[in-house]
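Only one structure is covered here, and it is reproduced in the block below.
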DNA sequence: TCCAAATCTAGAACGTGTTTCAATATCATA
DNA sequence: TATGATATTGAAACACGTTCTAGATTTGGA
């Protein structure tokens, strides 16, 4: 038994199963969105029994929100190191939002699946949701303050970041449900950021 | 055939059926929330066949979003006439939000059902969603400007109203999914309004 | 190495949103 | 009023999330 490949608990075989499940989830979501992530299909593709899938993730929502967390981790790792370009908080925040929105547009089905799961999550998924919220907050706060650390994040910064996150979620909701366009998302964010960071 | 009881199309019997369906929907939602609004139960309570229910409303989401629109109409009628108290836009907006949030808290199950439907609605419900959005926008714009009509709603007013609506939806989402408290909703709104109307 | 406990598998089964269909009822009009 | 079109009914059937069960298989400790 080699060890320490991950911090996830369980035996090697279990970590492997978990990875296969999340990979299958992302692949199915990327192809067909929320509806295509069917529990029987995930189990089949991941080569586990349906009961096992439910042992690892107690519901489709848990499964998708966990997958969202993993995606967020990867995106954050990519962006954390780099300095955010832009001379003002406004410019930097819009840059981060722009880059992210562009990335989401490239995998619209996946975005739809993960966003819907996030919206539908109830109290039993509070931990995972909180996790995702923290990562988003960290990303935006980092953008407001810049990497040069000229100032500490103030309480006001945090409040602004929360409002931006809310507007973003609403905009994403409109987009993934097909009621608005991706350009509308950018437009909404631009207006909100202009109002908040002035 | 007496006429002109409503602007809704169809025969008297059809308008009656439609009303019974929406009444049953609201009653079930008020008692047990989103999950309790089961299509078979709605059909039974409204004394129509399941197929008839689907002829009137093509999905559970359409049904609930239409019910939401009806509730909004009633709330709007109540508030439209009255002058919104408060000397500043901030005070007036917070008053409207406070009154509405209090009302929603009194029927948490109903709020949960209608909010969830709103969040889940896809493009096929765009018209109904747009309708609800317009009503909310009108209410908030009215509050910002006051009844005394000292000024026209500016483009900025409209942008602010949209952002407030977004924050409100996010806050409601957290509350109806049991992840945050009703007090958190008020707090979120207060912070957002303070940031936007300064 | 052997055994008990934990885990995994295959598959059936249940609940609820949605679809479908044949039979019946209602309506609008000639 | 008769008749064809339209609406309603009742019931069955399907899809997918979820639960449950009985029998392998794996695992970890004596």
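Chains as they are written, first to last, in my numbering: chain E, 1 to 198; chain R, 1001 to 1198. Glycine residues also receive a C-beta, built at the ideal position from the N, C-alpha and C atoms. Bear in mind that the values here come from a model prediction, so they are computed numbers and not experimental data.
Below-8 Å beta-carbon distance, residue i vs any chain E residue
{"i": "residue 988 (chain R)", "result": "No statement about residue 988 (chain R) is possible, as the shown extent of chain R runs from 1001 to 1198 and does not include it."}
{"i": "residue 1173 (chain R)", "result": "yes"}
{"i": "residue 1167 (chain R)", "result": "yes"}
{"i": "residue 1001 (chain R)", "result": "In this prediction, residue 1001 (chain R) has a pLDDT of 32, which is less than 50 and means its spatial position is unreliable; what the coordinates show is noted afterwards. Chain E, which has no Cβ nearer than 8 Å to the Cβ of residue 1001 (chain R), makes this no."}
{"i": "residue 1183 (chain R)", "result": "no"}
For residue i, the first and last residue of its enclosing alpha helix (DSSP H)
{"i": "residue 141 (chain E)", "result": "126-145"}
{"i": "residue 1186 (chain R)", "result": "1182-1196"}
{"i": "residue 161 (chain E)", "result": "155-176"}
{"i": "residue 1043 (chain R)", "result": "1039-1046"}
{"i": "residue 91 (chain E)", "result": "89-106"}
{"i": "residue 1065 (chain R)", "result": "1060-1081"}
{"i": "residue 29 (chain E)", "result": "12-36"}
{"i": "residue 86 (chain E)", "result": "First-last for residue 86 (chain E): undefined, no H or E at that position."}
{"i": "residue 55 (chain E)", "result": "50-56"}
Short Cβ contact (8 Å threshold) for residue i with residue j
{"i": "residue 64 (chain E)", "j": "residue 25 (chain E)", "result": "yes"}
{"i": "residue 1100 (chain R)", "j": "residue 1176 (chain R)", "result": "no"}
{"i": "residue 193 (chain E)", "j": "residue 90 (chain E)", "result": "yes"}
{"i": "residue 41 (chain E)", "j": "residue 53 (chain E)", "result": "no"}
{"i": "residue 144 (chain E)", "j": "residue 93 (chain E)", "result": "yes"}
{"i": "residue 1197 (chain R)", "j": "residue 1163 (chain R)", "result": "no"}
{"i": "residue 167 (chain E)", "j": "residue 134 (chain E)", "result": "no"}
{"i": "residue 179 (chain E)", "j": "residue 1123 (chain R)", "result": "yes"}
{"i": "residue 1039 (chain R)", "j": "residue 119 (chain E)", "result": "no"}
{"i": "residue 1045 (chain R)", "j": "residue 1027 (chain R)", "result": "yes"}
{"i": "residue 18 (chain E)", "j": "residue 56 (chain E)", "result": "yes"}
{"i": "residue 1059 (chain R)", "j": "residue 169 (chain E)", "result": "no"}
Proximity to residue i [Cα-Cα], best of the options
{"i": "residue 132 (chain E)", "options": "E:143, E:117, E:145 and E:146", "result": "E:117"}
{"i": "residue 67 (chain E)", "options": "E:23, E:159 and E:179", "result": "E:23"}
{"i": "residue 108 (chain E)", "options": "E:73, E:95 and E:172", "result": "E:172"}
{"i": "residue 114 (chain E)", "options": "E:96, E:17 and E:36", "result": "E:36"}
{"i": "residue 1142 (chain R)", "options": "R:1158, R:1013 and R:1130", "result": "R:1158"}
{"i": "residue 76 (chain E)", "options": "E:97, E:33, E:184 and E:156", "result": "E:97"}
{"i": "residue 151 (chain E)", "options": "E:88, E:119 and E:128", "result": "E:88"}
{"i": "residue 1165 (chain R)", "options": "R:1182, R:1137, R:1074 and R:1156", "result": "R:1137"}
{"i": "residue 1126 (chain R)", "options": "E:140, E:154, E:156 and E:181", "result": "E:181"}
{"i": "residue 69 (chain E)", "options": "E:20, E:28, E:129 and E:11", "result": "E:129"}
{"i": "residue 1080 (chain R)", "options": "R:1105, R:1156 and R:1140", "result": "R:1140"}
{"i": "residue 183 (chain E)", "options": "E:104, E:86, E:34 and E:156", "result": "E:104"}
{"i": "residue 1095 (chain R)", "options": "R:1146, R:1121 and R:1012", "result": "R:1146"}
{"i": "residue 1221 (chain R)", "options": "R:1161, R:1121 and R:1106", "result": "Look at the range of chain R in this structure, 1001 to 1198, and you will see that residue 1221 (chain R) is not part of it."}
{"i": "residue 121 (chain E)", "options": "R:1013, R:1034, R:1174 and R:1020", "result": "R:1174"}
{"i": "residue 1102 (chain R)", "options": "R:1185, R:1013, R:1011 and R:1082", "result": "R:1185"}
{"i": "residue 1071 (chain R)", "options": "R:1082, R:1086, R:1084 and R:1029", "result": "R:1029"}
Beta-carbon neighbours of residue i, restricted to chain R and to distances below 9 Å
{"i": "residue 157 (chain E)", "result": "Per Cβ cutoff of 9 Å: no residues; residue 157 (chain E) is ~11 Å from chain R at best."}
Residue-level contact to chain R via CB, residue i, 8 Å cutoff
{"i": "residue 97 (chain E)", "result": "no"}
{"i": "residue 177 (chain E)", "result": "yes"}
{"i": "residue 170 (chain E)", "result": "yes"}
{"i": "residue 119 (chain E)", "result": "yes"}
{"i": "residue 4 (chain E)", "result": "Per-residue confidence for residue 4 (chain E) stands at a pLDDT of 37, beneath the threshold of 50, marking its modelled position as unreliable; no derived number is given."}
{"i": "residue 131 (chain E)", "result": "no"}
{"i": "residue 111 (chain E)", "result": "no"}
{"i": "residue 191 (chain E)", "result": "yes"}
{"i": "residue 163 (chain E)", "result": "yes"}
Under 7 Å by beta carbon: chain R residues contacting residue i
{"i": "residue 196 (chain E)", "result": "1195"}
{"i": "residue 126 (chain E)", "result": "1179"}
Contact list for residue i against chain R, beta-carbon separation under 8 Å
{"i": "residue 160 (chain E)", "result": "1195"}
Closer than 7 Å: residue i CB and nearest the ligand GDP heavy atom
{"i": "residue 1107 (chain R)", "result": "For the ligand GDP, the structure offers nothing, since it holds no ligand at all."}
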